[in-house]
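Note sheet for the following structure.
There are 2 protein chains.
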Amino acid sequence: MFMKMELLPAKTVERLSEYRRTLINCLKEGKEFIYSHELARLHHKTAVQVRRDIMLMGFSGIQRKGYRVKEMIDAIGKILDCKNGQNVAIVGIGHLGTAILQYFTGKRPKLKMTALFDVDKNKTGREINGIPCYHVDEIPEIVEDKNIEIGIITVPPEYAKETAERLISAGISGILNLTTIPLNVPEDVYLEEYDMITSLEKVAYFSRVLKK
Amino acid sequence: MFMKMELLPAKTVERLSEYRRTLINCLKEGKEFIYSHELARLHHKTAVQVRRDIMLMGFSGIQRKGYRVKEMIDAIGKILDCKNGQNVAIVGIGHLGTAILQYFTGKRPKLKMTALFDVDKNKTGREINGIPCYHVDEIPEIVEDKNIEIGIITVPPEYAKETAERLISAGISGILNLTTIPLNVPEDVYLEEYDMITSLEKVAYFSRVLKK
DNA sequence: ATCTTTTTGTTTAATAATTAACGAATTAAT
DNA sequence: ATTAATTCGTTAATTATTAAACAAAAAGAT
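Taken in sequence, the protein lines are chains Z and V. The opening residue of the first sequence carries number 1 in the numbering used here; numbering runs sequentially from there. The opening residue of the second sequence carries number 213 in the numbering used here; numbering runs sequentially from there.
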């Protein structure tokens, strides 16, 4: 048996994730089929792009009827989700870390929030939102023992670098860096960075410059 | 006198914002000059791209010496910052809103955090981190009176749509939407959306698929 | 002084991403 | 039945973004 498993473009992966969330909402509302142009409209995209993304992941719709919502959710799951799940940890349980934690609970069963890390004695040694919180010094053991693959860094900027180093030497394979400090990681670690200040400055720039 | 003021590519604007943050750190460390390849390295970019971005904003370095850090910070400021500043509001002072608020204080003088909005009576009617917090029902008056141009939406997803509508009808010109719900805005409002779950799913996908 | 090295600034080429174009299929209407 | 209208799937064209290439300038070495 032959399994096609090419690498999808990063942009397509992002959009599939976004589509899925919308599709889950559609399903809740009892919608059985959805057209490419409907999905496009909901995401400020073109219908062609939606169809192309769907094509790239190897899924098919029905001419004149659109895509079966339930099946498409499963198809996206086949792409984005790891069969046996992937374990996730958050380092830095301040407001941002807590926001993600809350955001997260119960949403993505294949991404298992497995451990939290902080330095604050009031947070460590207990569960927060049902997830055990450890001291950052325990990163090596816990990451290895619990087979944590993905780390989210939400520590204060001055600790970003050493946090990344700890996660990396503990054997993490992906990092989402939400601090303002760009990180360096070895080739075999996938790094995604996002900075809200940059987004905000972009909004400031374009909202100012684009208006006539 | 002739002022060149073309629209920069979105990607360049993002990078300029990122460069500036790094440059500010360099300045603090007493660094007077920086080479394009140094800046590139710090941001996982190529030196060519850095030079190109700098060129696009009309700034120049010194051959063999690099770019004068202080001047470049100012040059980026001329592009990204509005001379008289732009007023910003956050709607939804939960963990995410609070994280942004903290993140923000004292960092960008040209983006003035002017008002916060929430529905919780414990938060409204007082200052949080030195910024007055109002009930969301007051959005129309406050946005207009205080000339707020940019709104950050960090409310629970089910309120995202109506929050956006309120901000828009109050005359906002840019929105940063950090909820999971994609929004629709009229043409004259600039919209930027970011979803952490999508970032995380991207990390999950690529960290899994790229490893050999 | 001349040569070598380094680094900027800019043009040209390559790559990636998006959009357009259009055939094939399906449904509904006449 | 035939026709008209949609909508998918895919290839081709376009546009945007990134990288390569290289001349010019400056500094340092010989």
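The beta carbon of each residue, even a glycine, is placed where N, CA and C say it ideally should be.
Report the CB separation of residue i from residue j in whole angstroms; it is logged as a contact under 8 Å.
i              : j              : result
I384 (chain V) : P398 (chain V) : Wrong, their Cβ atoms sit about 11 Å apart, outside the cutoff.
V91 (chain Z)  : I152 (chain Z) : 7 Å
H95 (chain Z)  : Q261 (chain V) : Not quite, the Cβ-Cβ distance comes to about 33 Å (not below 8 Å), so this is no contact.
In the DSSP assignment, find the unbroken beta strand (DSSP E) run with residue i in it and report its ends.
i              : result
E405 (chain V) : Y402 to E405
I90 (chain Z)  : Q86 to V91
G106 (chain Z) : Counting along the chain, G106 (chain Z) falls outside any beta strand (DSSP E), and DSSP gives it neither H nor E.
N177 (chain Z) : G174 to N177
Taking C-beta pairs closer than 9 Å, name the residues in chain V that residue i reaches, listed in chain order.
i              : result
F213 (chain Z) : Outside the displayed range of chain Z (1 to 212) lies residue 213 (chain Z), so it cannot be described from this structure.
S36 (chain Z)  : Residues of chain V passing the Cβ test: none, with the nearest at roughly 16 Å.
L111 (chain Z) : I409, L412, E413 and A416
How far does the alpha helix (DSSP H) with residue i in it extend, from its first residue to its last?
i              : result
G77 (chain Z)  : V69 to L80
L235 (chain V) : A222 to K240
L200 (chain Z) : M196 to V209
Name the chain Z residues whose beta carbon is nearer than 8 Å to that of residue i?
i              : result
P394 (chain V) : E18, T22, L42, H43 and H44
H307 (chain V) : H95, L96, T98, A99 and Q102
I362 (chain V) : L200, V203, A204 and S207
L292 (chain V) : E201, A204 and Y205
Have a look at the DSSP bridge pairing and note the partners of residue i.
i              : result
K324 (chain V) : V:N299
G97 (chain Z)  : According to DSSP, G97 (chain Z) bridges with nothing at all.
G171 (chain Z) : The partner list for G171 (chain Z) (beta bridge, DSSP) is empty, contrary to what the question assumes.
Give the residues of chain V in contact with residue i, contact being defined as C-beta atoms less than 7 Å apart.
i              : result
C133 (chain Z) : In chain order: nothing, as chain V lies at least about 15 Å away.
R211 (chain Z) : Note that residue 211 (chain Z) corresponds to Lys in the displayed sequence, not to Arg. Within 7 Å Cβ-Cβ: S385 and D400.
Closer than 8 Å by beta-carbon distance: list the chain V residues that pair up with residue i, in chain order.
i              : result
I197 (chain Z) : S229, R233, Y315, F316, K319 and R320
At 9 Å on the CB atoms, spell out the chain Z contacts of residue i, in chain order.
i              : result
Q261 (chain V) : Simply none; closest approach about 14 Å.
Q275 (chain V) : In chain order: nothing, as chain Z lies at least about 27 Å away.
Scan the region 117-166 of chain Z and note each continuous beta strand (DSSP E) run of 3 residues or more that stays entirely inside, going in chain order. For the region 117-166 of chain Z, whole beta strand (DSSP E) runs of length 3 or above, ordered along the chain, are 126-128, 131-135 and 148-153.
Please specify which runs of the alpha helix (DSSP H), each continuous and at least 4 residues long, are wholly inside the region 34-62 of chain Z, giving them in chain order. 36-42 and 47-56
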